[in-house]
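Have a look at the structure below before the remarks.
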Amino acid sequence: MTVATAPKTRVCVLVNALHARSGGGVTYLRNVLPLLAKDERLELHLFIEDDQIEIFHPTDEKVRVHAVTSTGGPAMLAIWEQAVLPILARVMGASIIFSPANFGCLLSGRNVVLLRNALSVLRVEPRPGRWLYWGTISLMTLLSVLRSVKIMAVSDYAARTLTFGLQRLLKEKISVIHHGVSRFFTPAIDARRERFILVVADIYVQKNLLNFFRAAAIICRRAPDIRIKVVGAPIDPWYSDQVRSLVASLGIGERVEFMGRQPMEEVLALYRKCLFLAFPSTAETFGNPLVEAMACGTPIACSNTSAMPEIVGEAALYFDPLDPVAIAEACLQMIESDNLRASLAAKGLDRSRKFSWEECGRRVADVLVEAGAG
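Under numbering that gives the first Met the number 0, think of the first position of the sequence shown as 0, with each following residue one higher.
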């Protein structure tokens, strides 16, 4: 791997994407990197592992991609990231290391981090082994927040909860920058909807699918024609098995379709066809499916916790995600009321216009330039 020296006329940014493999982290970089590449103030170097190349292909030609050989697991990746990446940054003349995850390279004095991973997962994670993982992530987040020259957060909720009570002390270096929504997501010309509920979520414990399917059993009894489609990869095999076992034990397997990860074209078609989007997550700092659904004119029923009210505003019917009966009652209201769905769809479409990747990219670029000039 060759490392080029950056021109002095631009701020050289090493983008640490080593942890971006699925979900919101990938969506963020796919949308923001091309916009940053257009900014003449920046020179971008994207660092990924070689098994991430396909995830980010194609990459804007103005972004220099450095694909390193896979380090061999999370522990070795963490060591490489903390020990080697800062050295490479110095060699190539990078002004800053931008880590679009909660934590960055602690040995670098020029870090910019993006607060986007909800740490409240700890409240719903039942496995002691995972407590150690999330405890480590929490500690790394705290240290990175203290060490970084600039901090970006994807929501006010993220800025408040991921700064460990230090938001006031850190306010001069925190910028809240909401994600955008791709212009790809638009309403259908023919808005005929089918009788299925859509769930868009990679399968993790914080996505709260166990409680959702307990609610679904009630829904299926009272609305015999309703089906449920779940789009998302089984990222956590243990939890995915728990979800599938529950669906089978509840006797609703024939009404539920697990579709796995789908291309954007299929996700768009599902947003346009579904009766509404159900979003039962307990821990989100933003929730990309929410703005995608709103942009498609899709009604939403979602959790009343974490960042959801901030992002969706009045464009959703809310429920307590820990109460399956409350989830079921909200979904049944959506099923039974054409007027409710139409009202929420109109509110969501209007609200979606507040979320722009172009605005996000411009503000991110400004933060990176300011950090590099400091």
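Ideal Cβ positions, reconstructed from N, Cα and C, are used throughout, including at glycine.
Any contact between the segment 215–235 and the segment 176–188? By contact I mean 3 or more CB pairs, one from each, below 8 Å.
Too few Cβ pairs lie closer than 8 Å, so no.
Euclidean distance between Cα positions of E335 and R115:
Their backbone Cα atoms lie some 35 Å apart in a straight line.
E48 and S69 look like a contact to me (Cβ under 8 Å); what is the Cβ gap, rounded to whole Å?
Correct: roughly 5 Å between the Cβ atoms.
Should S248 be labelled buried (16 or more other beta-carbon atoms within 10 Å of its own) or exposed?
So S248 counts as exposed.
Under the three-state reduction of DSSP, which class applies to M258: helix, strand or coil?
Strand.
DSSP-derived helix/strand/coil call for C219
In the structure shown, C219 sits in a helix (DSSP, three-state: H, G or I).
Straight-line Cα distance separating P127 from A233:
Per the sequence shown, residue 233 should be read as Pro rather than Ala. Their backbone Cα atoms lie some 20 Å apart in a straight line.
Length of the line joining the Cα atoms of R9 and R146
Between R9 and R146, the C-alpha separation is close to 23 Å.
Once you ignore the five residues that flank E291 on each side, which residues in its own chain have a CB closer than 7 Å to its CB?
So the qualifying residues of the chain are V180, F184 and Y270.
Can you give the beta carbon distance from C301 to Y317, rounded, assuming they're within the 8 Å contact cut?
Yes, they are in contact, since the Cβ atoms of C301 and Y317 sit about 6 Å apart, within 8 Å.
Could you tell me whether the segment 276–288 touches the segment 240–258, using the rule of 3 or more Cβ pairs below 8 Å?
Short answer: they don't touch.
I need the DSSP call for A158, collapsed to helix, strand or coil.
If DSSP states are grouped into helix, strand and coil, A158 belongs with the helices.
Between the segment 86–94 and the segment 126–144, can you find at least three pairs of beta-carbon atoms closer than 8 Å?
Contact fails: fewer than three Cβ-Cβ distances are below 8 Å.
Does DSSP classify P6 as helix, strand or coil?
No answer about P6 holds up, because its pLDDT of 47 lies below 50 and its placement is not dependable.
S149 bridges to which residues according to DSSP?
A small fix is needed here, since residue 149 is Lys in this sequence, not Ser. Paired residues: V111.
Would you list, in sequence order, the uninterrupted beta strand (DSSP E) runs of no fewer than 3 residues that lie entirely inside the segment 298–356?
DSSP runs (the beta strand (DSSP E)) wholly in the segment 298–356: 299–302 and 316–318.
With DSSP as the reference, please indicate the residues paired to R63 in a beta bridge.
Checking the DSSP bridge columns, you'll see R63 partnered with H44.
Given 8 Å, three or more beta-carbon pairs between the segment 39–59 and the segment 99–111:
As far as the Cβ criterion goes, the segment 39–59 does not touch the segment 99–111, which means the pair count is below three.
Leaving out the 5 sequence neighbours to the left and right, which residues in its chain are closer than 7 Å to Y238 when beta-carbon positions are compared?
Counting only Cβ-Cβ distances below 7 Å, and skipping sequence neighbours, we find I202, Y203 and V204.
Taking I95 as the reference, which of C11, K172 and G71 has the closest Cα?
Cα-wise, what sits closest to I95 is C11.
Measuring straight from C-alpha to C-alpha, what distance separates K149 and S342?
Approximately 40 Å between the Cα atoms of the pair.
Taking the straight line between their C-alpha atoms, what separation do you get for G72 and I78?
Going from the Cα of G72 to the Cα of I78 covers about 10 Å.
Are the beta-carbon atoms of I136 and A158 separated by less than 7 Å?
For I136 and A158, no; Cβs fall outside 7 Å.
Starting from R397, follow the alpha helix (DSSP H) in both directions and report where the run begins and ends.
Because residue 397 is not part of the residues shown, which for the chain are 0 to 373, the question remains open.
Just to confirm my understanding: we take K272, look at its own chain, exclude 5 residues before and 5 after, and list those with CB closer than 7 Å. What are they?
R192 and E193, listed in sequence order.
State yes or no: is the C-beta of V62 within less than 7 Å of the C-beta of L43?
Contact flag set, yes.
By how many angstroms is the C-alpha of G23 removed from the C-alpha of F285?
Answer to the nearest angstrom: the Cα atoms are 9 Å apart.
List the residues that DSSP assigns as beta-bridge partners of K228.
DSSP, once it has assigned bridges, lists L197 and E256 as partnering K228.
From R352 to M75, what does the alpha carbon distance come to, in whole angstroms?
Each residue's Cα considered, the two are about 42 Å apart.
Quick check on S98: does DSSP put it in helix, strand or coil?
DSSP, reduced to helix, strand and coil, places S98 within a strand of the structure shown.
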